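Residue numbers (our numbering): 226 to 309.
Positions of the beta carbon are idealized from the N, C-alpha and C atoms, including for glycine.
Here the structure is a predicted model, which means the values were calculated and not measured.
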């Protein structure tokens, strides 16, 4: 089971404006991203326009999707194109 750090929960509250969606759900339904260097895994959540990052079993932070590296932005753009 994935846990959400206090920091990630705080960042979610600041960056996600999606009533009824919490970081657990966003992680579960998010699209995995490749090429994550600082973290073990990242997932893009299109409804909130955020990227959640995991180390071990803990989501440790949440970024605004517009504030990620150029390489991740390309993957996010591809996800947006695939979303109906």
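Subject >> Segment limits, alpha helix (DSSP H) that includes residue 248 >> reply: For the purposes of this step, residue 248 is taken as the residue at position 23 of the chain shown. That run of the alpha helix (DSSP H) goes 248-254.
**OP:** Kindly indicate which residue of 244, 256, 283 has the alpha-carbon position closest to the one of residue 233.
**Re:** Position 8 of the chain shown holds residue 233. Answer by Cα proximity: 283.
Subject >> residue 229 versus residue 245: straight-line alpha-carbon distance, rounded >> reply: By 1-based counting over the chain shown, the position of residue 229 is 4. By 1-based counting over the chain shown, the position of residue 245 is 20. When rounded, the distance between both Cα atoms is 16 Å.
Subject >> Segment limits, alpha helix (DSSP H) that includes residue 242 >> reply: The residue you call residue 242 lines up with position 17 of the chain shown. Unbroken run through residue 242: none, as it is neither H nor E.
**OP:** Taking residue 275 as part of the beta strand (DSSP E), name the residues at either end of that continuous run.
**Re:** Along the chain shown, read from residue 1 onward, the residue named residue 275 stands at position 50. Looking at the DSSP string, the run of the beta strand (DSSP E) that includes residue 275 is 275-280.
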